[in-house]
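Here the sequence shown is numbered in our numbering, starting from 2 and rising by one per residue.
A short write-up of the structure that comes next.
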Amino acid sequence: MHFALTEDQVALRDTVRELLAAQCPPDVVRAAWPAGEPAAPDGLWDALATMGVFGAAVPEEAGGLGLDETDLVPLLEEFGYAAVPLPVAETATVVAPLLAAAGDQRLPAVLSGATRVALAGADRLVPYGARADLVLVLTDTHARLVAPEPDPVLPTVDGSRALTRLSDATGELVTDDPELVSLARHRAELATSAQLVGLGRRMLDLTVEYVGQRRQFGVRIGSFQAVKHQLADALLRIEFAAPAVHAAGWALARRRPGRATDVSMAAVLASEAAQDVARAAIQCHGAIGYTVEYDLHLYAKRTWALAAGCDVDAHLDRLAGALDLKEEPA
């Protein structure tokens, strides 16, 4: 398979990249942390809604752009690269397409940006729950929209995600169609994987810039063989994971019977690659890599948060089942 982007995909990706560079610099991500300015990302949300990003995977007859998952992957990588502190990836990839397929009347408000919908994760934890009007809860059998809790933001490794927890997930039913629910869950996993690839690229860019400037013993530390090897290995992991994510998007777009396996492969590779990049980036930065004053921590902590919610063990079990691998008796 050949996963080179089309001209249209490149044009859309570059447009989103330019918007994020202008509207979501590190200062905006910092402002989303506790004690920051929570309204700082609002302009970004409105700009993305105006661009039509929330309706990217919604059919044209329902008010969207009529794109599919292969078109979404480059955009999702950009959302990760910028560490967007809003449920943008969830809305564009999961919420809006599901509401469109279910014929839900709240779709226009979501596409316009008037209604923000976050996506509940494991243990009813809701990233961006404090900034959402509704929460989409996916189980194995149904999807429901629930009002968010007024509880305070929970402490978490990535404070910019405004994490909350649902005490009650019995909201209004969106659909109990098993195919739609399964597709929504796979799209959520794809969104996480693609964002992790984007985060890996951002951390590599920050690190390459740093080692090209930082000097020890009279030379740039980027000239040290140990640093070169670490960054080369990190880049290799990201470049190996990225095609798997595109393959998962392709499988979802074509509703391939084995798409669950492709999604799991993407999740495992992207999660491990991004975490490897975070480790290498922090080590190459030295002591400054651990400080909150430096931008690296914004992207490393987002990586850790997304990877923690990836449930790699479950994905490995799914892959083992697809390969008919059996656990050896003790």
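Where a beta carbon is used, it is the ideal one built from N, C-alpha and C, also for glycine.
As assigned by DSSP and simplified to three states, the class of residue i
i      : result
LEU87  : coil
ALA144 : strand
THR16  : helix
THR116 : coil
ARG260 : helix
ARG186 : helix
THR292 : coil
THR208 : helix
ARG166 : strand
LYS229 : helix
THR7   : coil
VAL59  : coil
GLU78  : helix
ALA121 : coil
GLN106 : coil
ALA243 : helix
ASP203 : Here residue 203 turns out to be Arg, not Asp, going by the sequence shown. Three-state result, ARG203: helix.
PRO98  : helix
ARG238 : helix
PRO39  : coil
GLY44  : helix
ASP277 : helix
LEU270 : helix
GLU370 : Any answer about residue 370 is impossible in this case: the structure gives the chain only from 2 up to 331.
GLU180 : helix
LEU326 : coil
Bounding residues of the alpha helix (DSSP H) (the contiguous stretch that carries residue i)
i      : result
VAL54  : Where VAL54 is concerned, there is no enclosing alpha helix (DSSP H), given that its DSSP letter is neither H nor E.
TYR129 : No alpha helix (DSSP H) holds TYR129; DSSP gives it neither H nor E.
ARG303 : 297-309
GLU150 : Counting along the chain, GLU150 falls outside any alpha helix (DSSP H), and DSSP gives it neither H nor E.
VAL30  : 27-32
VAL154 : Segment: none, VAL154 is in no alpha helix (DSSP H) and carries neither H nor E.
ARG319 : 313-323
Start and end residues, beta strand (DSSP E) containing residue i
i      : result
THR176 : 173-176
VAL136 : 135-139
Strand pairing of residue i, partner residues [DSSP]
i      : result
GLN217 : VAL220
Interface flag, residue i vs chain D, CB-CB below 9 Å
i      : result
ASP169 : The chain inventory of the structure shown lacks chain D, comprising one protein chain alone.
Practice item. Mind the definition here: the region 75-94 touches the region 56-65 only if three or more C-beta pairs lie below 8 Å; say whether that holds. Key: yes
Practice item. Pair every Cβ in the region 226-242 with every Cβ in the region 149-165, then say whether three or more of these pairs are closer than 8 Å. Key: no
Check your understanding: Is there contact between the region 147-155 and the region 189-201, where contact requires at least three CB pairs shorter than 8 Å?
Key -> Taking 8 Å as the limit for Cβ pairs, the verdict is that the region 189-201 does not touch the region 147-155.
Practice item. Assess, as a yes-or-no matter, whether the region 268-287 is touched by the region 200-218 under the definition of 3 or more beta carbon pairs within less than 8 Å. Key: yes
Check your understanding: Does the region 101-115 touch the region 66-79, meaning 3 or more C-beta pairs lie closer than 8 Å?
Key -> Between the region 66-79 and the region 101-115 there are fewer than three inter-stretch CB-CB distances shorter than 8 Å, so the stretches are not counted as touching.
Check your understanding: So, do the region 78-86 and the region 12-29 have three or more beta carbon pairs nearer to each other than 8 Å?
Key -> yes
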